[in-house]
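The sequence shown begins at 0 in numbering that gives the first Met the number 0 and counts up one residue at a time.
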Amino acid sequence: MAIQKVMVIGAGQMGSGIAQVCAQSGYDVILNDIKQEFLDRGIQVITQNLSRDVEKGRKSEEEKVATLSRITQSLDIKDAVDVDIIIEAATENMDIKQSIFREIDAIAPKDAILATNTSSLPITEIAAVTERPEQVIGMHFMNPVPVMKLVEIIRGLATTDEVYKAVEDMTVTLAKTPVEVNDFPGFVSNRILMPMINEAIYTLYEGVASKEAIDSVMKLGMNHPMGPLTLADFIGLDTCLSIMEILYEGFGDSKYRPCPLLRKYVAAGWLGKKSGRGFYVYD
Ligand code: CAA
């Protein structure tokens with residue numbers, strides 16, 4: 000199962016990062032989205048990242064040009080006719096993901112792997128709408144994709160060993176570290192990360208300390224690169240809330256109840272860095 004050609008669906012923060020790391024590792028990439036402006040933005044971010052790598056001496060100008068030349072833009076999902084793997088990084092919504100998977104299942108070559116970058120939606124439920132659940136798998140990259148070393152590889156109930164191995168090998172080729180995980184709510188990353196972030200929000204909500212103090216404790220005391228409230232803003236508070244809801248519903252355990260302050264911020268449209276305001280204010 001040699002993977003050479005990749006389609007990435009979604010040119011947002013995650014999708015553009017995935018397209019970049021695939022192209023710089025030698026894969027031919029089709030970057031697909033529904034609007035040209037989304038593709039333009041994605042390509043712009045990739046170009047900026049590669050230019051910074053050139054400035055810092057991590058890449059040559061030739062490598063930058065070669066990486067960009069391996070990325071083809073696509074506005075039509077039907078371009079998935081001759082790819083070996085499709086990595087879906089569209090909106091985190093089960094209806095949207097299932098509709099994309101139905102469509103790509105009908106178009107992609109019979110032996111192509113269908114992967115999703117979902118951070119918490121069940122792989123098995125996405126796979127169930129296809130005729131090839133054994134070839135569906137979770138490939139969860141971390142943000143920012145070009146920097147973070149982990150890919151959490153999630154096996155759906157039907158995923159075969161052969162498909163797992165092909166994705167594991169690809170992850171190593173991307174210079175990332177694969178970790179094998181089974182399909183349960185939040186997988187490993189968000190089952191551990193999100194309750195920590197939610198607890199930090201409770202700590203603020205209950206007046207135990209200021210947001211700056213909470214972040215300092217975790218940054219300086221635990222050596223985390225970002226405090227949990229800064230990290231929540233970076234991930235997006237709507238994403239944090241939706242993952243907590245998935246944990247709460249999936250396990251039926253009150254320890255996963257989302258903090259009312261998180262709900263309030265999301266209701267106000269304070270979604271973190273992307274909306275200009277979350278726990279902190281951004282320019
Ligand atoms: N794209 C590409 N490169 C980036 C980048 C981006 N978006 N952001 C930062 N970098 C690079 C910078 O260029 C810099 O490299 P050089 O100095 O060599 O040029 C390097 O990363 C460090 O950046 P900074 O000096 O600007 O800032 P920093 O030292 O604070 O690092 C960070 C930034 C890497 C984001 C760091 O703060 C960090 O690791 N934060 C935690 C990130 C994290 O936890 N991510 C997981 C989120 S959870 C998730 O993704 C899963 C989910 O399902 C929710």
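From the three backbone atoms N, C-alpha and C, an ideal C-beta is built for every residue, glycine too. Note that the structure is a prediction, hence the values are computed from the model and not measured.
Beta carbon of residue i nearer than 8 Å to that of residue j
i	j	result
Lys273	Gly235	yes
Val64	Val28	no
Ser119	Gly185	yes
Pro145	Gly56	no
Thr117	Lys148	no
Leu113	Thr123	no
Nearest to residue i (by Cα), restricted to the options the options
i	options	result
Leu240	Asn222, Trp269 and Asp214	Trp269
Thr46	Ile122, Val135, Asp232 and Glu61	Glu61
Ile136	Pro143, Val144, Thr170 and Met147	Thr170
Val20	Thr172, Ile8 and Glu87	Thr172
Leu192	Leu156, Val166, Pro108 and Ile242	Ile242
Asp168	Ala105, Glu124, Phe250 and Ile84	Ile84
Val162	Ile122, Glu211, Asp110 and Ala174	Asp110
Thr71	Leu156, Ile8, Ala88 and Ala89	Ile8
Thr90	Gln12, Met141 and Val80	Gln12
Ala266	Thr129, Gly249 and Thr238	Thr238
Ala79	Asp104, Ile95, Ser59 and Thr66	Asp104
Thr159	Met147, Thr117 and Glu133	Glu133
Ser253	Asn197, Gly220, Ser215 and Asn142	Asn197
Met195	Asp182, His223, Ala22 and Ala174	His223
Range of the contiguous alpha helix (DSSP H) that encloses residue i
i	result
Val44	Gln35 to Glu54
Glu124	Ile122 to Ala126
Arg154	Segment Leu149 to Arg154 is the beta strand (DSSP E) holding Arg154; no alpha helix (DSSP H) there.
Leu192	Ser188 to Tyr204
Val178	Counting along the chain, Val178 falls outside any alpha helix (DSSP H), though it belongs to the beta strand (DSSP E) covering Thr176 to Asn181.
Ser211	The question names Ser, yet the displayed sequence has Glu at residue 211. Counting along the chain, the alpha helix (DSSP H) containing Glu211 begins and ends at Lys210 to Ser215.
Element boundaries [beta strand (DSSP E), containing residue i]
i	result
Pro143	That residue, Pro143, is in no beta strand (DSSP E); it is neither H nor E in DSSP.
Lys254	Premise fails: Lys254 is in no beta strand (DSSP E) and is neither H nor E.
Ile2	Neither: Ile2 is in no beta strand (DSSP E) and is coded neither H nor E.
Val28	Asp27 to Asn31
Ser73	Ile70 to Ser73
Cβ shell of residue i (< 8 Å), same chain only, five flanking positions each side left out
i	result
Glu54	none
Glu179	Ile152, Arg154, Tyr163 and Glu167
Leu203	Ser209, Lys210, Ile213, Leu228, Leu260 and Phe278
Sequence-distant residues of its chain with Cβ nearer than 6 Å to residue i (five each side left out)
i	result
Glu87	Ile8, Ile99 and Thr115
Tyr201	Cys258
Lys218	Gly226
Residues near residue i by beta carbon distance below 7 Å, same chain, minus five either side
i	result
Glu244	Pro257
Phe233	Met225, Gly271 and Lys272
Asn48	Gln19 and Pro145
Leu156	Thr123 and Asp182
Problem - Exercise answer, beta-carbon shell around ligand 1 heavy atoms below 7 Å - result: Gly16, Asn48, Arg51, Lys55, Ser118, Ser119, His139, Met141, Asn142, Pro143, Pro145, Val146, Met147, Ser188, Asn189, Leu192, Pro224, Met225, Leu230, Phe233, Ile234, Thr238 and Ile242
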